[in-house]
Structure formats: C-alpha cells, structure tokens
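Position 60, counted from 1, in the sequence shown is what the numbering used here calls 60; the numbers after and before it change by one each time, with no gaps.
Glycine residues also receive a C-beta, built at the ideal position from the N, C-alpha and C atoms.
All of these numbers come straight from a predicted model, not from anything done at the bench.
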Amino acid sequence: MDTDNGWPESLRVAQVRIARPTDRLEEVVRFYVDGLGLRELYRFRDHAGYDGVMLGLPGAGYHLEFTTHVDGSPGDAPSRENLLVLYFTSESHMYDVAQRLGEFGVEPVPAENPFWAANGGLTFPDPDGWRVVLMPRPVF
C-alpha cells in the first residue's frame, strides 16, 4: 500500500537530497539559480571544513546540495551520462529556460544517449561538466 505522499509503505521517505562536491561552488550555484531558476533554500559555512548550498523549490521534498571542502572537492563529472533531467509541463516552458541559459552564456551540447534529443530534449553542461537535460514533457 502507498503512503499519502505517494511513496510505497515499505519506503517511508520524507525528503530526497542529491548531493555532490564541487571546487566551483559559487559558479555552480549561479548556474542552477540564475540559469535554471531554482531557489537557494539554505547555505552553511565551515561545517567540519565544508561549505554548502541547498537548492530546489520551496516546500518541495527534494533538493540539490552542493558542497566544497577547504582541502578541495573534486566535482568534475565522471562521464557525459551523469544527468539531472528536468521534465517541463510544456515545450514553451522548456524553451524559456533554454533561452535564459543561452543569455547566461551556456550553450546546449550533444547528448551522449540519443534518446534525449529524439524526444525533444536539450542538454546543457554545468560549470563542472555535469549535464542537465531539459525535456519538453514527462515521458510517462
């Protein structure tokens, strides 16, 4: 049986966070906030040598966390298939974000997997080379 929030009864999750390190914290935050349009939810400094920023949508049970460590935080993408995929409610909404990213100086790159382009997606690299795929509508 599912819980009220849609999660299976056997997995009572209240929140999801995707976290990754970076040596370009402010550039990465700028890309996701000013470029993509996410909101800065929380910021911390010098927690055991770590600084970090959580981004997402207010009130949503999921967000991204980017951290940097005083001794360095390797954050370059290990492959071109490490993706964050955002599914939009319409093609026009997707193109609004793509245009904002273009104005921000970020150009789309070819997707490694042809599925994304074949279904109308656009792929953009963040400052660490991790890729964000914008999709015009949900797949299912």
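Would you give the residue range spanned by the beta strand (DSSP E) that residue i belongs to?
i	result
R131	R131 to M135
E65	Y62 to H69
A14	Unbroken run through A14: none, as it is neither H nor E.
E40	R39 to H47
Y87	L83 to Y87
Below 8 angstroms on the Cβ atoms is my contact criterion, and I expect residue i with residue j to pass it. Report the Cβ-Cβ distance as a whole number of Å.
i	j	result
P74	P21	7 angstroms
V97	G37	6 angstroms
G59	E91	With 8 angstroms as the limit, G59 and E91 do not qualify as a contact, their Cβ atoms being about 26 angstroms apart.
R17	E81	That pair is no contact at about 21 angstroms.
G35	L101	5 angstroms
Residue i and residue j: beta carbons closer than 9 angstroms?
i	j	result
R39	L55	yes
G52	V13	no
L57	M94	no
Q15	H47	no
P110	A118	no
Output the boundary residues of the alpha helix (DSSP H) element that contains residue i.
i	result
F124	Counting along the chain, F124 falls outside any alpha helix (DSSP H), though it belongs to the beta strand (DSSP E) covering L122 to P125.
V109	From DSSP, V109 is part of no alpha helix (DSSP H); its letter is neither H nor E.
G56	Note, G56: premise wrong, no alpha helix (DSSP H); beta strand (DSSP E) at Y50 to G56.
For residue i, which option in the options has the closest C-alpha, if you only look at C-alpha atoms?
i	options	result
A19	P138, E112, D34 and W130	W130
E27	D128, D76 and P136	D128
Q99	E9, D23, L134 and P58	L134
R137	D23, L11 and F88	F88
Y50	D76, L41, V29 and L25	L25
V139	N113, L86 and E112	L86
Y32	D76, N113, L84 and P114	L84
Shorter than 9 angstroms from the beta carbon of residue i to some beta carbon of chain B?
i	result
Y95	Protein chain content of the structure displayed is limited to a single chain, and chain B is not contained in it.
Three Cβ pairs or more, each shorter than 8 angstroms: is that satisfied between the region 64–73 and the region 90–109?
no
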